[in-house]
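Protein sequence lines correspond, in order, to chains P and W. By this note's numbering, the letter at position 287 of the first sequence is numbered 717, and the numbering carries on one by one without gaps. By this note's numbering, the letter at position 217 of the second sequence is numbered 436, and the numbering carries on one by one without gaps. Cβ atoms here follow ideal geometry from the backbone N, Cα and C, with glycine treated the same way. None of the values given here were measured: they were computed from a predicted structure. These notes concern the structure reproduced below.
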Amino acid sequence: MSGPGAGEGARPGREAQVGQGVPGDETTGKEAHRKGGGRRNRRGRRGERAMVPDAEFTSYYGKPILNPPTWKALDIAGYFFLGGLAGAGSVLAAGAQLTGRPATARALKTSSLVAIGGSTAALVHDLGRPARFHHMLRVMKPTSPMSVGSWLLAAYGPAAGAAAVLDVTRLFPRLGTAATAGAAVLGPAVAAYTAVLAADTAVPAWHEAHRELPFVFAGSATAAASGMALLTSPVAETGPLRSAAVFGAALEAGAARLMRRRLGMIGENYEEGRAGRLMRAAEVLGAAGAAGAALLAGRSRAAAALSGAALLTASACTRFGVFYAGVRSAEDPKYTVVPQRERIDARARAASASSEPQG
Amino acid sequence: MGFFTDTSVCIGCKACEVACKEWNAVPEDGLEFTGMSYDNTQGLGADTWRHVAFIEQDKPMGNAATGTSADGTGMRWLMASDVCKHCTHAACLDVCPTGSLFRTEFGTVVVQEDICNGCGYCIPACPYGVIDQRKGDGRAWKCTLCYDRLGAGQQPACAKACPTDSIQYGPLEELRERAAARLDQLHDLGVDDARLYGEDPEDGVGGDGAFFLLLDEPEVYGLPPDPVVTTRDLPSMWRHAGAAALTLLGGAAAVFAVHGRARGRR
Ligand code: SF4
Ligand code: SF4
Numbered sequence: 431m432s433g434p435g436a437g438e439g440a441r442p443g444r445e446a447q448v449g450q451g452v453p454g455d456e457t458t459g460k461e462a463h464r465k466g467g468g469r470r471n472r473r474g475r476r477g478e479r480a481m482v483p484d485a486e487f488t489s490y491y492g493k494p495i496l497n498p499p500t501w502k503a504l505d506i507a508g509y510f511f512l513g514g515l516a517g518a519g520s521v522l523a524a525g526a527q528l529t530g531r532p533a534t535a536r537a538l539k540t541s542s543l544v545a546i547g548g549s550t551a552a553l554v555h556d557l558g559r560p561a562r563f564h565h566m567l568r569v570m571k572p573t574s575p576m577s578v579g580s581w582l583l584a585a586y587g588p589a590a591g592a593a594a595v596l597d598v599t600r601l602f603p604r605l606g607t608a609a610t611a612g613a614a615v616l617g618p619a620v621a622a623y624t625a626v627l628a629a630d631t632a633v634p635a636w637h638e639a640h641r642e643l644p645f646v647f648a649g650s651a652t653a654a655a656s657g658m659a660l661l662t663s664p665v666a667e668t669g670p671l672r673s674a675a676v677f678g679a680a681l682e683a684g685a686a687r688l689m690r691r692r693l694g695m696i697g698e699n700y701e702e703g704r705a706g707r708l709m710r711a712a713e714v715l716g717a718a719g720a721a722g723a724a725l726l727a728g729r730s731r732a733a734a735a736l737s738g739a740a741l742l743t744a745s746a747c748t749r750f751g752v753f754y755a756g757v758r759s760a761e762d763p764k765y766t767v768v769p770q771r772e773r774i775d776a777r778a779r780a781a782s783a784s785s786e787p788q789g
Numbered sequence: 220m221g222f223f224t225d226t227s228v229c230i231g232c233k234a235c236e237v238a239c240k241e242w243n244a245v246p247e248d249g250l251e252f253t254g255m256s257y258d259n260t261q262g263l264g265a266d267t268w269r270h271v272a273f274i275e276q277d278k279p280m281g282n283a284a285t286g287t288s289a290d291g292t293g294m295r296w297l298m299a300s301d302v303c304k305h306c307t308h309a310a311c312l313d314v315c316p317t318g319s320l321f322r323t324e325f326g327t328v329v330v331q332e333d334i335c336n337g338c339g340y341c342i343p344a345c346p347y348g349v350i351d352q353r354k355g356d357g358r359a360w361k362c363t364l365c366y367d368r369l370g371a372g373q374q375p376a377c378a379k380a381c382p383t384d385s386i387q388y389g390p391l392e393e394l395r396e397r398a399a400a401r402l403d404q405l406h407d408l409g410v411d412d413a414r415l416y417g418e419d420p421e422d423g424v425g426g427d428g429a430f431f432l433l434l435d436e437p438e439v440y441g442l443p444p445d446p447v448v449t450t451r452d453l454p455s456m457w458r459h460a461g462a463a464a465l466t467l468l469g470g471a472a473a474v475f476a477v478h479g480r481a482r483g484r485r
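Structure (structure tokens):
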């Protein structure tokens, strides 16, 4: 590259004489200005280092370092919820059909079709340029979970749709079975990939949770779909769905707990504020719904419906809780700076430990 | 090709901000009094592709110290012109589902505005908080490193406008050498806090196409201290998602297997 670029950028023959002769000294300035070395630390409440002071960190006037997601909560958290409901619903529908529970199968196939339609609409609605939705299918990029997801929806949507329509109309039963099976195979991917969608960002509360988040979402999806089945199917058929509700709710709550524990300081985002309230509500409602499903839903239609509604609400609360936790963690520079600092300090400690022989 | 921004000579004139806005016809982003020293632009976004930060510190900087207090401390200003880093491993580019973001022949990262559908995925993906969605337009916008000017053999508008050559444009190798020499010079002058940021091709984003000489910790300037390309953990994410999907499938299969066929059906 020649052109004016290369030469012209060179420094002129004068130099700014910043700092000449005066040693940098140690001052504890106003709020945020400190010299390097051993100050910022995490809150001591998560074990290992209980003796350290509260997280101190520097930032530019407290402005966020990351640009928080511009996604609308209703669209994107709604998309997560509905995608999970649809995906897990297809799996349970196939199970119900195979084991001779046709009413449940039909109800779940229908709810999956409606949910996947709704989630696609939410996704399109959230685009800044919805008319350009088809650009999603311009390329296929494994590094972009949204690209993978779009193709997944393009395959799953028609399968779920055919499964529902052919079941309700009783046309082409073979084709219906194939569509049901296809939707059941793709369903778990639809339910779990949204966790990768969230985690593959710089948002601390999502990215650092990338191990547990898919399990939270898979559990939440199972709980939602079994809740839907309890709500819509005859009690005589819901035996396995009551067990599935317990399984889903337990997976959701267990993975969420594990996630918060492992996240350390970043886990605060799932415990405080609006996200904290939603996550707690999800836990309580999930537990109540699962208990209701296990103990009462087999006997009473009303109890089944109530448990189902609780499970659906719990699942929605989880998705919104996760969404708000992420936004919160992106808006506060603390959650970007402090963990990265700790990473640097840990690297420095490791480097000095390996270079100096132990005394 | 890339940028080296030597913040030690920045005088905070904001000529780069203005030149960028003018050349790229970036809409105004509101006039607001923030009380953040002399900085009312606040940060990078859809309508601010260059941003000059003003940091007021109670900390001396060699001769530049004003000596307002007896013990030799005093107020100093740090000014730094921030911009898209044009990461070697660019998260925004990796996650864009439309292929709207692409890598140019200059090694820079550019959004094609006629492709972007405004999904907004690139925005939380950027570890530096650079790219953003423009309200009322819906698409994502950021510094193009004046792609059109580079194509015509020109240097970017901001570098051209910078009166102190705080912003320098050129081949990265050459800029890195120049930066290392300047760093040594500052260290010799006793400015111990001087450091390079984003110049290391081994760092979490594969090195930045726009790197900086800073006079304090990165976070003081609103920069992340140890950014990592978000897709670095993607294989692990897909693995965990796969395991979760199988858990769902297995759990459902187990439940139906245990309960068996519906009563009265067989
Ligand atoms: S700084 Fe952000 S917007 Fe710029 S190339 Fe890197 S990831 Fe993309
Ligand atoms: S908002 Fe535009 S540039 Fe950003 S990821 Fe979506 S399509 Fe790509």
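What does the alpha-carbon distance come out to for the pair residue i and residue j?
i: residue 683(P); j: residue 436(W); result: 40 Å
i: residue 402(W); j: residue 301(W); result: 19 Å
i: residue 476(P); j: residue 336(W); result: Annotation note: pLDDT 43 at residue 476(P) (below 50); position unreliable, coordinate value reported separately. If I take the Cα positions, the gap works out to 42 Å.
i: residue 775(P); j: residue 558(P); result: 40 Å
i: residue 606(P); j: residue 636(P); result: 38 Å
i: residue 428(W); j: residue 773(P); result: 23 Å
i: residue 422(W); j: residue 525(P); result: 49 Å
i: residue 702(P); j: residue 395(W); result: 44 Å
i: residue 409(W); j: residue 241(W); result: 38 Å
i: residue 228(W); j: residue 416(W); result: 16 Å
i: residue 306(W); j: residue 623(P); result: 26 Å
i: residue 464(P); j: residue 431(W); result: Because the pLDDT of residue 464(P) is 36, which lies under 50, any placement of that residue in the model is unreliable, and the question is left without a value.
i: residue 513(P); j: residue 585(P); result: 14 Å
i: residue 495(P); j: residue 602(P); result: 56 Å
i: residue 629(P); j: residue 325(W); result: 30 Å
i: residue 531(P); j: residue 549(P); result: 27 Å
i: residue 731(P); j: residue 503(P); result: 33 Å
i: residue 400(W); j: residue 264(W); result: 32 Å
i: residue 743(P); j: residue 700(P); result: 18 Å
i: residue 563(P); j: residue 555(P); result: 9 Å
i: residue 446(W); j: residue 425(W); result: 10 Å
Would you mind reading off the limits of the alpha helix (DSSP H) that contains residue i?
i: residue 298(W); result: Counting along the chain, residue 298(W) falls outside any alpha helix (DSSP H), though it belongs to the beta strand (DSSP E) covering 294-302.
i: residue 389(W); result: Careful: residue 389(W) lies outside any alpha helix (DSSP H), inside the beta strand (DSSP E) at 386-389.
i: residue 321(W); result: It is not in any alpha helix (DSSP H) - residue 321(W) instead sits in the beta strand (DSSP E) that spans 320-322.
i: residue 586(P); result: 575-599
i: residue 658(P); result: 643-662
i: residue 702(P); result: Unbroken run through residue 702(P): none, as it is neither H nor E.
i: residue 764(P); result: 764-785
i: residue 522(P); result: 503-528
i: residue 546(P); result: 532-556
Locate the beta strand (DSSP E) running through residue i, then write down its first and last residues.
i: residue 275(W); result: 269-277
i: residue 328(W); result: 328-330
Thinking just about the alpha-carbon of each residue, which of the options is nearest to the one in residue i?
i: residue 235(W); options: 388(W), 433(W), 312(W), 332(W); result: 388(W)
i: residue 621(P); options: 637(P), 517(P), 593(P); result: 517(P)
i: residue 674(P); options: 658(P), 755(P), 653(P); result: 653(P)
i: residue 299(W); options: 322(W), 313(W), 260(W); result: 260(W)
i: residue 569(P); options: 560(P), 660(P), 580(P); result: 580(P)
i: residue 256(W); options: 590(P), 487(P), 491(P); result: 491(P)
i: residue 454(W); options: 771(P), 575(P), 560(P); result: 575(P)
i: residue 508(P); options: 759(P), 760(P), 679(P), 749(P); result: 749(P)
i: residue 451(W); options: 269(W), 345(W), 381(W); result: 345(W)
i: residue 475(W); options: 577(P), 641(P), 534(P); result: 534(P)
i: residue 471(W); options: 529(P), 608(P), 497(P); result: 529(P)
i: residue 266(W); options: 304(W), 457(W), 244(W); result: 244(W)
Using C-beta distances below 6 Å, list every residue in its chain close to residue i, excluding the 5 sequence neighbours before and after it, in chain order.
i: residue 276(W); result: 295
i: residue 614(P); result: 520, 521, 524
i: residue 648(P); result: 621, 622
Look up residue i in the DSSP assignment and give the residues it is bridged to.
i: residue 429(W); result: 222(W)
i: residue 257(W); result: Answer is none; residue 257(W) lacks a bridge partner.
i: residue 264(W); result: 267(W)
i: residue 306(W); result: 427(W)
i: residue 415(W); result: 432(W)
Tell me which same chain residues have a C-beta within less than 7 Å of the C-beta of residue i, skipping the five on either side of it?
i: residue 722(P); result: 733, 736, 737, 740
i: residue 460(P); result: Here residue 460(P) scores only 34 on pLDDT, less than 50, and its place in the model is too uncertain to base an answer on.
i: residue 316(W); result: 338, 340
i: residue 462(P); result: Bear in mind that a pLDDT of 36 at residue 462(P), under 50, signals an unreliable position, so the model cannot answer this.
Which residues of chain B have a Cβ atom closer than 9 Å to the Cβ of residue i, listed in chain order?
i: residue 630(P); result: Absent from the structure: chain B. Protein chains present are P and W.
Tell me which residues share the same chain as residue i and place their Cβ nearer than 8 Å to its Cβ, disregarding the 5 neighbours each side in the sequence.
i: residue 445(P); result: With a pLDDT of 47 at residue 445(P), under the threshold of 50, the modelled position of that residue is not reliable, and no figure is offered here.
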